[in-house]
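Report on one structure; see the data block that follows.
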Ligand code: SAM
Ligand code: SF4
Ligand code: SF4
């Protein structure tokens, strides 16, 4: 078992100090031009915002019950960014080039009145707005989310077999309700819907073909995600990873696939189309084929810390700036200073040694 470092402790240890009244000394003025490149020439284009660190599931690879139990110290309400604070950040990030915002978590649909935040982000204009969810609340919320301005959703679903799915979410949640959620999202016009399936060796690899058969021809885009060593609690081992190449070979034997071009630079999934024209699938090969070279993503965690990599150990406290009266230009300069010096490429340098580095849990940093 890996050593578990309590998350609250890690947050405190790894957050650079932000002085009480202004941005850290030495941050230069950067006029927002929307063309901010990091130290490896990667532009800032995507922002993922975690709106809650809580979840109603306990997926074994993300929030295992033995770590995220009844006494787990989730963030108190006052530590979460308010909708107004999130919208303000969204405007500042947009000025520096962000085109797409994905709301995530934890389970984002657990955040009360989320549609109010969607409406505020939609009002900013010019942002591609989407959300990743476990789908459990979509039957009740899909219509309101769409009406508020949400454009698309990604729904996570790891198996069609009810027993396998219940075991993976570890709260006995039935697969039929997630399928209802997907239907509700489609009926509300939140499409094309992407379906994310994390594949873990020996746990749900037998579900790859049933999932592919089920979604082929549905108009939804099924994406297979390699199980990653995010966080510090899921006990990741390389042996648990099913390489995307294996997934593609397996599906292609029964339903021939043809490689397809990316929709845009920095797209995380590699696209494959069914040769018979009945749709496409994607594979996200973050372990076997790292895509750091094109990574244009920043993440704002539930409590307003900015991370420039999913595997970062250092977060920058934007909430302190939002709450200490800092001006838009001061916060914008701080964002720019952080992005300009970004050099992250964790997936390219992943090894048995890096797995042991303390990392931030995905439910908090935003998957
Ligand atoms: N609760 C929402 C959900 O499950 O869609 C949003 C947050 S979840 C952290 C975002 C995505 O991260 C999900 O698609 C989930 O399957 C994926 N994920 C979580 N832990 C992972 C891991 N260890 N490796 C790969 N993907 C993971
Ligand atoms: Fe919750 Fe999503 Fe993590 Fe599953 S993957 S435990 S649904 S946050
Ligand atoms: Fe981006 Fe970090 Fe993932 Fe590489 S490891 S693709 S830099 S988030």
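Numbering (our numbering), first residue to last: 1092 to 1458.
Every residue, glycine too, gets a C-beta built ideally from N, C-alpha and C.
From residue 1100 to residue 1449, what distance separates their C-alpha atoms?
With a pLDDT of 32 at residue 1100, under the threshold of 50, the modelled position of that residue is not reliable, and the figure given next carries that caveat. Answer to the nearest angstrom: the Cα atoms are 11 Å apart.
Can you name the residues that DSSP bridges to residue 1363?
1350, 1372
Relative to the alpha-carbon of residue 1282, which residue among 1243, 1269, 1315, 1300 has its alpha-carbon at the smallest distance?
1243
Under 8 Å between C-beta atoms of residue 1245 and residue 1196
no
What do you reckon, are the CB atoms on residue 1375 and residue 1316 nearer than 8 Å?
For residue 1375 and residue 1316, yes; Cβs fall inside 8 Å.
Flag this pair as touching only if the region 1226 to 1234 and the region 1182 to 1191 have three or more C-beta atom pairs under 8 Å; answer yes or no.
no
Segment contact flag, the region 1253 to 1261 with the region 1144 to 1158, C-beta cutoff 8 Å, min 3 pairs
Touching, yes.
Within the region 1138 to 1205, note down every full beta strand (DSSP E) run reaching 3 residues or more, in order along the chain.
1191 to 1195
Anyone know if the C-beta pair for residue 1174 and residue 1208 falls short of 8 Å?
yes
Does the region 1129 to 1138 touch the region 1420 to 1434, meaning 3 or more C-beta pairs lie closer than 8 Å?
yes
Helix, strand or coil at residue 1113 according to DSSP, with G and I counted as helix:
Note that residue 1113 has pLDDT 45, beneath the 50 cutoff, so the model's placement of it is unreliable and the number below is only indicative. Three-state DSSP puts residue 1113 in coil, outside helix and strand.
Check whether chain B comes within 8 Å of residue 1363, counting only Cβ atoms and requiring the distance to be less than that.
Absence of chain B from the displayed structure is noted, only one protein chain being present.
Classify residue 1249: buried if its beta carbon has 16 or more other beta carbons within 10 angstroms, exposed otherwise.
When all chains shown are included, residue 1249 counts as buried.
Would you check whether ligand 1 has a heavy atom nearer than 7 Å to the C-beta of residue 1316?
yes
Would you report the Cα separation of residue 1276 and residue 1166, rounded to the nearest angstrom?
Taken atom to atom, the span from the alpha-carbon of residue 1276 to that of residue 1166 is near 29 Å.
Any idea if residue 1228 is buried or exposed, counting beta-carbon neighbours within 10 angstroms, 16 or more meaning buried?
buried
Contact set, ligand 2 heavy atom to C-beta under 5 Å
1146, 1148, 1150, 1153, 1154, 1225, 1454
List the endpoints of the continuous beta strand (DSSP E) containing residue 1264.
Counting along the chain, residue 1264 falls outside any beta strand (DSSP E), and DSSP gives it neither H nor E.
What are the start and end residues of the beta strand (DSSP E) that includes residue 1294?
That residue, residue 1294, is in no beta strand (DSSP E); it is neither H nor E in DSSP.
If we call anything under 8 Å between Cβ atoms a contact, is residue 1299 one with residue 1342?
yes
Contact under 8 Å by Cβ, residue 1439 with residue 1383:
yes
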